[in-house]
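Q: Residue numbers for the sequence shown follow my numbering, so the first one is -18 and each next one is one higher.
Built from N, CA and C at the ideal position, the CB exists for glycine as well.
On a predicted model such as this, the values are computed, not experimentally measured, just so you know.
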Amino acid sequence: LDECMDIFSIAWSDWEHLIPQEIHLVQKTKMINNLIETDIVTSVRPENLRQIKLWLDYHKIKYNELIQSNEKHKLDYDIYIDDASRNATKILEAGKKCLLYNQRWNRDLPNLVKGIGNGEIIRVYDLYHAIDEIRKNVA
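1) With DSSP run on the structure shown, which of helix, strand or coil describes Tyr58?
2) Which class does Thr23 belong to by DSSP, given the choice of helix, strand or coil?
3) Quick one: Cα of Leu108 to Cα of Asp59, how far?
4) What is the residue span of the alpha helix (DSSP H) that Arg67 lies within?
5) Beta carbon of Gln49, beta carbon of Val22: below 9 Å?
6) Classify Tyr39 as helix, strand or coil using the three-state DSSP reduction.
7) Can you tell me whether His54 is buried or exposed? The criterion is at least 16 other CB atoms within 10 Å of its CB, across all chains shown.
8) Name the DSSP bridge partner or partners of Gln49?
9) Drop a sphere of 10 angstroms on the beta-carbon of Ile42, count the other beta-carbons inside from all chains shown, and report buried for 16 or more, exposed for fewer.
10) Please classify Cys(-15) as buried or exposed, where buried requires at least 16 other C-beta atoms within 10 Å of its C-beta.
So this is what it looks like as structure tokens:
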């Protein structure tokens, strides 16, 4: 995990060259913000928060707060979007819903996992898919 965090730190130190994962990111994040209050929660090292904020602002990503936490599942959110299997599993075990953003490194989890209470992991393939799932929960 430390090696991974080192890689993230190196990547964020060069934030100007980090490319968004999706096109139309501004429009998609605005759509999400119109549905629910949105915070960006990251587990990167606190010293990288400045670079992340600069990247978010540069790309005009709308959000409420930028929060650093290594225990996302303990935060008071109804719906999470995450790409880490470890986080998704902890969110599920906490009885919450996680929209698992599809990546090569999280294919160890099935596309849909039901847990206790409202606990659920749903794989999403892009933010439009996540928006559809969010709409189902706020309707």
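A: On the basis of the coordinates in this document:
1) coil
2) strand
3) 17 Å
4) Ser66 to Glu74
5) yes
6) helix
7) buried
8) Thr23
9) buried
10) exposed
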